[in-house]
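J.: Protein chains in written order, with this note's numbering: chain E, 1 to 317; chain C, 318 to 648; chain G, 649 to 973.
What follows is the structure in structure tokens.
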């Protein structure tokens, strides 16, 4: 994200300025909790992006792993080794490096899955709201049915079936894409309903009629005129959804249906450490667990803050 | 001592550490069976005044000064328990929008009986009897059936009649009606107003009628208060205020009535709009909109001047009175 | 009532149809039933004959209808692993899962309503601030992590509570095995139920608080104050009933979600329920068992949603269940 801001400001120097002058930035500075969450989030994202540079070891490289180093505790405990700051896991991998890479995977899956949800939801919501009639009721009925299934349930079933039919070998190669697809496809209805509600509210306003009279195409009216009005609810939903997607990914990985142990996400790290807490090696589970909770919590706190500040009309039943 | 005496009532709202005065210096009297109208544009503080009498100002607002004496008892100093015994009993209230006032998940009967039970020991069958009798009083057809109906099954006019019936349950001495007809169809407005007036007259109930409609005030009330930006700017007998308004704002309100213009002519409007509580102008709060603004109006808040039966807070009126007095003294 | 039921049944039928179609395609594509039945040592010609005999060469639709017909009679095939009818295997594990869900639901109701209501009435009190703080942490901790943490604290470190299994159970109503009627069973239930409840609890506290605060601002609540009603009646009758309407709707969806989360808690606590069995079946590619699980869970979804809709209709007078007019 840091890299992002730099490149975009280089292209468009006024953007950073505009953000700094905005209402959003001012209220962020005033709200201590939100500001702290923002800083932590930026820190996590940058560390995740820079993991290959920052991590002392490469957990994907089997040659750097020595099984003799397994289950070493963090440095502040007895029997630790200085080069493994947070200790090692059951396979002898440096926990700090694994966590950095794991966070990278978790964030990647979370953000991409939400982008997919958002894309699907916006397309469905825009068409349902704009065209109305049969298309609308058909799409919304599908959304209702989709909502009545729990995301986790759908994800577990789909992933379990894929794993059973592809075999664990091939599956582990495709895991990232599968997780993004499954979590992305399971949660679009919320976006669709919100976008549809905004479209219905905007549809009959004069500027839309004006655009139509001027001969703009449907897609141009929807994308250029109606969509910008739905941005703030979308932003609020997306924040919460990223947090949820990260939790879903972790849960699936914990069940052995997500990322394989060789390319761990935070969830599979926690899972791989679970059996060792009974023998006292708490850190293999606890430290990635703590990172996961803090990551999800700052995103949730940012979401709460955004909802208070933007106060959008979210879809409500 | 009057039945109701409101003295220097002040209500403040605390917003982010800043205290905003929604109501200042409100004083008036009301006798038993007397009817008072409070008029003004929306945002003038009429509803706040109504709620303040019943000590129903919700957080972050509260009564910060003054007294509300009902039969000599200061309502603003009562404990919540004691205040509860007054509400719905000696003083009841009618709200603006009947669609929103009744709880959608309870039957009419439940909402009537609970009010009776809150104020006196009464058996259910007796409560039902009284409720039905009150429903008859407000001319509701087949009242027994209505008792088991839910609000969404009734029309707006019917709901407002039921709300009036609820207000009458404990035979109150005072009813506060906050824009009781605004949310209704025009055809039903007059019916409901006539019913309310008739009920107050025949039961000797005092009425505080809050409205922005001077026409209604002239038909129903004996006294009128005109409010602007949280303050009283003119008060007195209704007929004097309607026929011989002194304050430029009151004159503006009267000129804005459709009856004051010929068909096809443009309605007279008061230019500008009511200031928000955050930026009330110094001096007379009406000065930016006033056609007769004097130098002093922007600097000093006007005191009340007697003019006939009315008190008026206006520098221009005071100046004219002083000139008259000076003139007669000179003679 | 009739219109409502028809609408409901129609929706339920669609959902069950989708689930059965899904289940059938899983069964169709996953694993080779012949190999499971007869092993590898049969000649190619015999295989073809058997395929024909078993109807495996029929069209997809014919096969689906045969599957659906059997499914309606309760025949979902035989589990490869247990060599017993799949539906029976699943139903045997159903009580354990339902007790988990029931226990968690009770915990959620008992805790979230008082906490949500109190913090809506006193939004600036210390208690509500602490409750809100804890619930934002609660939302951010995944179920399996809550489960692991509670095992670590209460079983490994303190040794107060058992960390796995159902403990002692008793038979009631003939076949139903329950852990509710003895201390050991209840102790075993405590941690799994708490973990399962932990993800929903903050959600419901926040929801109830938000809805209640909105209701307390409404005109009918102001009118209730003006009628001189007691605060207790206003809060717990007038406001609470209106608050619960949207909460019931959300609750219906969340019960379904909770069934999914039992897979997680049952895995961590090695709870011998359907979810645990399902994951084992996935690892063993025991297709009939996977299909049976999907159908049973689908039925649970449909039934709970219908019940929740009925309750909603009974609580909310603006929904007409009984066609009177």
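Every residue gets a Cβ at the ideal spot worked out from N, C-alpha and C, and that includes glycine.
Keep in mind it's a predicted model, so treat the numbers as computed, not measured.
1) Evaluate the contact criterion for the stretch 880–891 of chain G versus the stretch 410–426 of chain C: three or more CB pairs, one atom per stretch, below 8 Å.
2) Spell out whether any CB of chain C is found under 7 Å from the CB atom of residue 845 (chain G).
3) Compute the distance between the beta-carbons of residue 270 (chain E) and residue 256 (chain E), then report whether it is under 7 Å.
4) I'd like the ranges of any alpha helix (DSSP H) spanning at least 4 consecutive residues and lying wholly in the stretch 764–849 of chain G.
5) Taking only the alpha-carbon atoms, compute the straight-line gap between residue 185 (chain E) and residue 258 (chain E) and give it to the nearest angstrom.
6) Run through the stretch 910–949 of chain G for me and flag every whole alpha helix (DSSP H) of 4 or more residues, listed as ranges in chain order.
7) Using DSSP with H/G/I as helix, E/B as strand and the rest coil, what is residue 548 (chain C)?
8) I want to verify the contact list: residues of chain D whose CB lies under 9 Å from the CB of residue 282 (chain E), in sequence order.
9) My output table needs one value for residue 499 (chain C): the three-state DSSP class, helix, strand or coil.
10) Please classify residue 208 (chain E): does DSSP put it in a helix, a strand, or coil?
11) Of all the CB atoms in chain E, is at least one closer than 7 Å to the CB of residue 850 (chain G)?
12) Mind listing the chain C neighbours of residue 873 (chain G)? Cutoff is C-beta to C-beta under 8 Å, in chain order.
13) Strictly under 7 Å for the Cβ-Cβ distance: is residue 669 (chain G) near chain E by that measure?
14) Between residue 850 (chain G) and the rest of its own chain, which residues show a CB-CB distance below 6 Å, the 5 nearest in sequence each way excluded?
15) Between which two residues does the beta strand (DSSP E) carrying residue 584 (chain C) extend?
16) Can residue 248 (chain E) be considered in contact with the ligand MG, in the sense that its beta carbon sits closer than 6 Å to one or more heavy atoms?
17) Count the other C-beta atoms from every protein chain shown that fall within 10 angstroms of the C-beta of residue 300 (chain E), then say buried if there are 16 or more, exposed otherwise.
18) When we look at the beta-carbon of residue 971 (chain G) and count the other beta-carbons within 10 Å, is it buried (16 or more) or exposed?
19) Applying a beta-carbon distance threshold of less than 7 Å, which residues of chain E neighbour residue 909 (chain G)?
20) What residue range is occupied by the uninterrupted beta strand (DSSP E) comprising residue 322 (chain C)?
21) Please compile the residues from chain C whose C-beta is within a distance smaller than 8 Å of the C-beta of residue 952 (chain G).
22) When Cβ atoms are compared, which residues of the stretch 773–799 of chain G fall closer than 9 Å to chain E?
23) Go through its chain and collect everything with a Cβ distance to residue 363 (chain C)'s Cβ below 7 Å, but skip five positions before and after it.
24) Can you give me the start and stop residues for the beta strand (DSSP E) that residue 354 (chain C) sits inside?
25) Once you ignore the five residues that flank residue 534 (chain C) on each side, which residues in its own chain have a CB closer than 8 Å to its CB?
26) Within 10 Å of its beta-carbon, does residue 600 (chain C) have 16 or more other beta-carbons around it, so buried, or fewer, so exposed?
27) Considering only DSSP beta bridges, list what residue 627 (chain C) is partnered with.
28) Since residue 632 (chain C) meets chain G, which of its residues come closer than 8 Å, beta carbon to beta carbon?
29) For residue 719 (chain G) and residue 674 (chain G), I'd like the C-alpha separation in whole angstroms.
30) Hey, how far is the Cα of residue 514 (chain C) from the Cα of residue 207 (chain E)?
31) May I have the straight-line CA-CA distance separating residue 302 (chain E) from residue 246 (chain E), to the nearest angstrom?
32) Using C-beta distances below 8 Å, list every residue in its chain close to residue 749 (chain G), excluding the 5 sequence neighbours before and after it, in chain order.
33) Would you please verify whether the beta carbon of residue 970 (chain G) is less than 7 Å from any beta carbon of chain C?
34) First and last residue of the beta strand (DSSP E) that includes residue 341 (chain C)?
35) Residues of chain G with a CB under 8 Å from the CB of residue 38 (chain E): which are they?
36) Give the straight-line distance between the Cα atoms of residue 46 (chain E) and residue 115 (chain E), rounded to the nearest whole angstrom.
T.: With the structure as the only source:
1) yes
2) no
3) no
4) 774–788 and 791–798
5) 16 Å
6) 922–932
7) strand
8) Absent from the structure: chain D. Protein chains present are E, C and G.
9) coil
10) helix
11) no
12) 373 and 404
13) no
14) 783, 786 and 787
15) No beta strand (DSSP E) contains residue 584 (chain C), which DSSP labels as neither H nor E.
16) Annotation note on the ligand MG: not contained in the displayed structure, which lists no ligands.
17) buried
18) Since pLDDT at residue 971 (chain G) reaches only 42, below the 50 mark, its modelled position is unreliable, and the value read off the structure follows with that caveat. With fewer than 16 other Cβ atoms within 10 Å, it is exposed.
19) 152
20) 321–332
21) Going along chain C, no residue has its Cβ under 8 Å from residue 952 (chain G), so there is no contact; the nearest lies around 23 Å.
22) 784, 785, 787, 788, 789, 790, 791, 792, 793, 796, 797 and 799
23) 355, 357, 527 and 544
24) 352–356
25) 354, 356, 526, 528, 541, 555 and 559
26) buried
27) C:624
28) Within chain G, no residue comes near residue 632 (chain C); the closest Cβ sits about 38 Å away, beyond 8 Å.
29) 15 Å
30) 48 Å
31) 15 Å
32) 844, 903, 906, 907 and 910
33) Note that residue 970 (chain G) has pLDDT 47, beneath the 50 cutoff, so the model's placement of it is unreliable and no number is given.
34) 335–347
35) Residues of chain G passing the Cβ test: none, with the nearest at roughly 15 Å.
36) 19 Å
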